[in-house]
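Position 52 (the sequence shown) corresponds to 49 in my numbering; numbering is contiguous. By construction, the Cβ of each residue, glycine as well, lies at the ideal position given by its N, Cα and C atoms. None of these values were measured; they are calculated from a predicted model.
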Amino acid sequence: MNEPKTLTIKDLTALLAPAISSLKSIEKSLSTLADLQIAQEFTPDQSARAELYKKLDMAHHRVLMTQTALQDELDALQKVKGSISHAAYVEAHGKEAADSVWAPFQAAFEANAASNRQLRELEGQFPALVRLNQLAPRPPKVHSAPDAATE
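Shown next as structure tokens:
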């Protein structure tokens, strides 16, 4: 007689994979719809939401620019100091010389920390808009500083 085939975990996983994929898609769609409803509830004016999206994009752009500047300053600092520590540099060249060599990196580090803080504060105020903004299509990256008039 033919005995029924015993399903293994592997067989069940293969059988259920399309259903799981469909459920994930439905979950993402429902989450997006919920975020849209939340955004409309708390920021009903479309132009106000558009302005918030613009602020989020600008904050992300500032973070990118300050991260780039920080990396550039780190590279420049490495060229000047080599592999020695700040303390060793002070010992070899004096505190004033060390401070002047480290100053551009420190300024870039502080600017990057400030831009990250500003982005996190903005994201904390509008979490649903942040999630929706992440789904939006992005224009090509611009590698210039943001226009001061739009900040």
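Whole angstroms are fine: how far does the CA of residue j sit from the CA of residue i?
{"i": "Ala56", "j": "Ala89", "result": "40 Å"}
{"i": "Ser19", "j": "Ala11", "result": "14 Å"}
{"i": "Leu119", "j": "Gln103", "result": "24 Å"}
{"i": "Ala146", "j": "Ser44", "result": "Because Ala146 carries a pLDDT of 41, less than 50, the predicted location of this residue cannot be relied on, and the following value inherits that uncertainty. Approximately 18 Å, taken between the alpha carbons."}
{"i": "Leu129", "j": "Leu61", "result": "20 Å"}
{"i": "Leu9", "j": "Asp72", "result": "53 Å"}
{"i": "Leu27", "j": "Gln122", "result": "22 Å"}
Since residue i is in the alpha helix (DSSP H), which residue starts that stretch and which ends it?
{"i": "Leu61", "result": "Gln43 to Lys78"}
{"i": "Lys92", "result": "Lys92 to Gln122"}
Helix, strand or coil for residue i? Go by DSSP, reduced to three states.
{"i": "Ala11", "result": "helix"}
{"i": "Ile6", "result": "helix"}
{"i": "Ala159", "result": "There is simply no residue 159 to check, as the chain begins at -2 and stops at 148 in what is shown."}
{"i": "Ile35", "result": "helix"}
Taking 7 Å as the threshold (C-beta atoms), are residue j and residue i in contact?
{"i": "Asp32", "j": "Ala125", "result": "yes"}
{"i": "Asn109", "j": "Thr63", "result": "yes"}
{"i": "Phe106", "j": "Leu49", "result": "no"}
{"i": "Ser112", "j": "Arg59", "result": "yes"}
{"i": "Tyr86", "j": "Lys78", "result": "yes"}
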